[in-house]
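Notes follow once the structure below has been shown.
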Amino acid sequence: EIRDYEKLKIFLEQTLQRYNKTPLMLSMDLVMFHDAILNICRIVRILRRPRGNLLLLGIGGSGRQSLVRLAAFICDIALFQIEIGRRYGHTEFKEDLRRLLKLCSISNREVVFLFIDTQIIDTFFLEDINALLHTGEVPNLFRQEDIQEIRNQLSPTLNRQGILDTNVNTMQFFYNRVKSNLHMAICMSPFGETFRNYIRMYPALVNCTTIIYFSEWPHEALIDVAHHFLIKYNFELEDNETIHRTLANLCAFIHLSSKTLANKMKDELRREIYITPTNYLQFVRNYSR
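Per UniProt numbering, residue 1 is the first one in the sequence shown, and the count goes up by one each step.
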């Protein structure tokens, strides 16, 4: 239960500063507006559950990935992502899954696997993710030489616990650790036929996750985000704060007006234009330079 909202906001801002100072972390410039704070709390609560998995629905730029990164940092959970290259395919994805599961089991690390729908270059990816969500295992993922390597590395642990280190016992122990340590955070856009096909073909995406919907940024959030970037600019006038606030309101007004015009164009011309948070961030950043 949150008793002091302002203290929570300060804690999250300080945690973000610590995150950005941590070596090898991807620096993030986040604004802690109300909806973002609520979503961080939801993500943290789910990551603290055993087998807590997430399906984060929203358009690009709504903050899904950034909030998962910060929530994982708060929970002291490692973050794992695949890197898509030109020749990346199902073989490379399976190799990444082997590395991920070994990290969870052999290294006994709690890990969040952050996966984005733009990384689905092969539907076999979702087939494997569906299996992981549903059973905690991926059929035929490990080759015989992989199993032997896992057995060699886990043998001392099994012996200490009085477990006979057969292949069957070893892999059962291996996957039990995976189930205890792995969290899935899957980011998808809920719009279009593609998403509907995914959840129909791979039901574990919905049945084995907690869904968090990232709605459109409200007017107050748009103002807070614009103010966050504009405040860094000194207009060298007496009342800088009033100017910053006025400009922030103007930025929010322009963005919302653009959305209204985009909807009008869709109705009248049957031409769809998406006005996203990413567009807004680019607009404000360019203006504040």
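Just so you know, even glycine gets a beta-carbon here, dropped at the ideal spot from N, CA and C.
Note that the coordinates shown come from a computational prediction; the quantities given were computed from them, not determined experimentally.
Start and end residues, alpha helix (DSSP H) containing residue i
i, result
"Y274", "Segment: none, Y274 is in no alpha helix (DSSP H) and carries neither H nor E."
"T170", "167-181"
"K9", "5-21"
"N197", "193-201"
Paired residues, beta bridge with residue i - DSSP
i, result
"T210", "L54"
Collapsed DSSP secondary structure at residue i in the structure displayed
i, result
"I186", "strand"
"P156", "helix"
"T242", "helix"
"R42", "helix"
"Q148", "helix"
"V225", "helix"
"Y287", "helix"
"N263", "helix"
"Q282", "helix"
"L164", "coil"
Close Cβ partners of residue i (< 6 angstroms) along its chain, the five nearest in sequence each way excluded
i, result
"L103", "R109, V111"
"residue 290", "Past the edges of the chain, shown from 1 to 289, lies residue 290, and the structure says nothing about it."
"T123", "none"
Beta-carbon contacts of residue i that lie in its chain and below 8 angstroms, excluding the five residues immediately before and after
i, result
"E189", "A quick correction: the sequence has Ser, not Glu, at residue 189. Once the five neighbours on either side are set aside, the close Cβ partners of S189 are L57, G58, I59, G60, D117, F195."
"L100", "F80, V111, F113, L182"
"Y202", "L126, E127, I129, N130"
Sequence-distant residues of its chain with Cβ nearer than 7 angstroms to residue i (five each side left out)
i, result
"L47", "A71, A72, C75, I77, V112, H183"
Inset, instruction - Entirely within the region 46-133 and at least 3 residues each: give me those beta strand (DSSP E) ranges in chain order. - result: Scanning the region 46-133 for uninterrupted beta strand (DSSP E) segments of 3 residues or longer gives 54-57, 78-80, 111-116, listed from N- to C-terminal end.
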